[in-house]
Each structure stands twice: as C-alpha cells, then as structure tokens.
Amino acid sequence: MRQSKLFTKTRKEAPADEASLNAQLLIRAGYVHKEMAGVYAYLPLGLRMLEKIKAVVREEMNAIGGQELIMTSLQRKELWEKTDRWDDTKVDVWFKSSLKSGGDVGFGWSHEEPIGEMMKNYIASYKDLPMYVYQFQTKLRNELRAKSGVMRGKEFVMKDMYSFSVGEEDHTAFYNATIEAYKRVYERLGLGEDTFVTFASGGAFTQFSHEFQTVCAAGEDVIYINRENGIAINEEVLNEETLTKLGVTRDELTEVKTAEVGNIFNFGRQKAESLGLTFKNETGEETPVWMGSYGIGVTRLIGVIAEKFADEKGLVLPAVVAPFTVHLVLLNQQDGEVRDWAEGIYASLVKGSAEVLFDDRDQTAGHKFADSDLMGIPYRVVVSKRGKEEGMFEVVERHTGEVKKLTEEELYQKFCTTDVE
RNA sequence: CGGGGUGUAGCAUAGUGGUAGUGUACUCGGUUUGGGACCGAGUGGUCCGGGUUCGAUUCCCGGCUCCCCGACCA
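In the working numbering, the protein residues as written are 5 to 425.
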C-alpha cells in the first residue's frame, strides 16, 4: 500500500484524554480512532493488525476441530430468561432495546445462550457429538467504567468457542487440547514467555477455571506465579486450600500485574440442561450436552501487544501481528531516478507478495523515519540517492535497530514469498 | 455506582469579567531534503442549558463529556 494514499496520519502528541500507553500509541500511529469511552474504531493499520491476530487464532482453532461461524448481535430476551440472565441485577452489562413490532432485544455481551439454543437444531444424537464452534464477534457490554484504552471497552472483538460433548471425559480431552492451542496462539503472537495458564475461580460448575494471563503493567489482574514450574494463581483464589492442592507454598510465588487475554470454562451439563439442549445417548436416554466455553480477547490483545512491544519512539510490533512486514521508505523523492527506482522495487515486492507499505510521500527524511518508528513495522527498507549510488538498500530492523545493506536480489529473497518476475 | 479531576481550533496548550494567544496540522508562495527543516502569508476555536452582570470563555447552578481511584468484570 502507498502511504500517500493512506488516509490516516501520525500525530506527534498523544490526545489529552488518553492516559493509557496502548491507546496513546495506537492513536498516534493511526491504528485506531476513539469514538467514545471504551469504543474504538479500527483504521486500516489497526484492522490489518486485528486480522493478523485473528488469522493466528483461526488457524489454531481450526487445528483442534473448531468450525467458524458468526452469531447475531441482536438477542432474544426469552432465551436469556431461560437461564435467568436477562435481569439487569443478574447481568449488569446489558445493552437492551425494544423492537418496533413489540418485544425486547438485548445486544450480545456473550453468546453462550444463543449458540446453545441454536445447537438444538443440530444436535439430536450422540452421533452428532462432539461439536466445536467458534466465532469472532463484537461483544457489547455496558461497562460502568471503560478503562485502559482498548483493553477494557464497551465494544470489543472476542473469539469465543463453545464445545459440545457427550460427557466429562470427552470434554476434558478437548478442554486440555484447547489449553495447548491457546498456548500456541500466545506463543505465536510473541507473548508466550509472559503468558500463564492461571487457576481462577470456577463459578458454579467446577472448582477452577483457567485464565490466560499476560504479564502487563496496564492489566487489571494480579496473579501469583512461579516461572520455574509454570504455576500461576489468580489472587481471587489464592488461599491455603488452593496452595495445598497445587503443591506450592506462598513464598515460592511472585506477585505480578497481568491482563486476562483468554479464559476457558467448563459448564458441565448444567448450561445445556437449563437451555434444554439434549441428545439421545447410545441407550436412547435424553441427556444434556456437556458444554465448555473458550474465549480470547482479540482487541484486548492489540492493547497488550501495544503496551509490551513499544519503545520511546513508538510501536515495535512482532512480524506476525504487524500490519505490514516491510516499510519501504523513499528518500530524495524529488530525484526522478531515485523515485523511479523505488517505484520499481515497490512493484517487485508487491509482485513477490511481500506485505509492504511504501512511503512515497513528499516529506523530509526525519519526518518519514519518525513516522516509521512510530508505526512499528518490523523492517524498514530505505531507498535513497545514497543507496542508489552504491546499488544497495538499507534494511533496518525495528526491534533491534540493526542495520544491514542488501542488494536488490537479497531484498527479494528476504521478503518475497512468490516469484518477483 | 461512590470519590476526585477535566472540557478553549483537527491535535496539544496559554490566558482573560471587556474584539482569545501560541505550537502543530492544514492552504498558498519560496528555500530545503538521512531524524518530525526554514522563511513569509492565510483558514480555523471557548462542551450544552440556565443564572449573576451593561457585558460571561472566565463567576455561580445544573447537565453532559472524557480521564483517574474504588466497586464490578459470570
């Protein structure tokens, strides 16, 4: 993409109404636009980042048998009454409205109920199980207090997956497979080292649920970790009983601030029972489905990544999530020969399927470098008069600051995945 | 929802009971071109409602907004 056509612009200064680092950087770099408190639009750069994260999550969910779908934002009141969760005193984040034709609707803050209800159409027999479905959905939650930039919003994108199994054994196997899949997701996103499978309160069905907590100063949670044996416990369940059960002592654990980037729940048969979602088992008995739910906060991950992968100049994004891999920066653009040369390189990189943002704007070098640093694209390739004279390109790695000079051939080798010619 | 703060141009900020200033961004002209370059000329603004006052952006009341702390986060 040509940067001269990109409608977003960078800003030198952060908006006064953003205190969080993630929002400051994402807004300054033109990734997001704040619409209101806790509600952010994803602009071209931010959307590409969002899609990159989704692609990783999607791959891992598909790998464990997940089938992608997308549910609706508008939800029926009657459905939530079945599980006694329509009442505002039971669920305090509801956005609700009414239909002109009569009746109430809710805006989806979760999709457990609708998806369970829908599955009644498709699950009748043990032969239909197990079934795993997931979606990337915009959740709407009437939070009293949005905070921390994109990390806790009233509107956010979540990947939510639901498992439908015949019984506990099958469920547990999938639950464990999901833990492994989630670990791979965070690993691939560059958060593996700092993300912990954390014991947290389990709710009505089990003693513990598992949260995926990433060490992050802007996070809202406090957990206690032991890096050596990989144990992590949310402060909400940190007590003698938990410690004994997990075989650790309090002084082996370190307190850290974290952001919850994923969680998984075991619903047992209770959720399906309240919805009337049953199947006929092998002996013909009507049996409630054993359900589980598995979430990953996709837009929250953008915030966490922005917080963790940044320096004083701006974002320093891992290649897997960066909107582009290469920032092709043209200097001396007033020189026709240099410009033509850069145009040729750009065309070749695009042909070679490199993801490249071409800064072809009429700006000074300093301005372009500052923008490039702020946007955090992993590799900057400088095309300049100086470079043209020696027939080389300067390739700067954003992460390390390392500078290499490459020939045109080497450049294509490094960044192209398909033939340039 | 409790507490604290905030609101001036696209953005960041100053100031004042009497015609609102600066930086940046933007437009035009010129000079520049490896770290947000320079000179000149322009466009553009006091959150909303009420009150006090000859006069309110300023003071008072109410509302809203946004931020922060707490609560909440199935």
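Glycine included, C-beta positions come from ideal geometry on N, C-alpha and C.
Close Cβ partners of Glu17 (< 8 Å) along its chain, the five nearest in sequence each way excluded: Arg32
Backbone CA spacing between Gln367 and Val219 [nearest angstrom]: 39 Å
Segment contact, 8 Å Cβ cut-off, at least three pairs: the region 119-133 with the region 158-171: yes
The beta strand (DSSP E) enclosing Asp174, as first and last residue numbers: It is not in any beta strand (DSSP E) - Asp174 instead sits in the alpha helix (DSSP H) that spans Glu172 to Arg192.
Ala67, buried or exposed, once every other Cβ within 10 Å from all chains shown has been counted against 16: exposed
Bounding residues of the beta strand (DSSP E) (the contiguous stretch that carries His331): Val330 to Leu334
Nonlocal neighbours in the same chain, by C-beta distance under 6 Å from Lys355, ignoring five residues either side: Val424
Identity of the residue in Thr12, Pro19 and Ala23 nearest Ala222 by Cα: Ala23
4 or more residues per run - each alpha helix (DSSP H) lying fully within the region 340-395: 340-355, 369-379 and 389-394
Cβ neighbour criterion (16 or more within 10 Å) applied to Leu29: buried
Helix, strand or coil at Ala310 according to DSSP, with G and I counted as helix: helix
Rounded straight-line distance, which links the Cα of Tyr298 to that of Ser376: 36 Å
Three-state secondary structure assigned by DSSP to Trp84: helix
Endpoints, the alpha helix (DSSP H) within which Ala276 is located: Gln274 to Leu279
Distance CB(Phe212)-CB(Phe203) smaller than 7 Å: yes
Sub-7 Å separation of Thr142 and Glu116 beta-carbons: no
Beta bridge counterpart(s) of Tyr46 as assigned by DSSP: Val36
Close Cβ partners of Lys151 (< 7 Å) along its chain, the five nearest in sequence each way excluded: none
Start and end residues, alpha helix (DSSP H) containing Met162: Note, Met162: premise wrong, no alpha helix (DSSP H); beta strand (DSSP E) at Glu159 to Ser169.
Under the three-state DSSP convention, the category Gln7 falls into: coil
Three-pair Cβ contact test at 8 Å for the region 58-66 versus the region 182-196: yes
Paired residues, beta bridge with Asp108 - DSSP: Ser102
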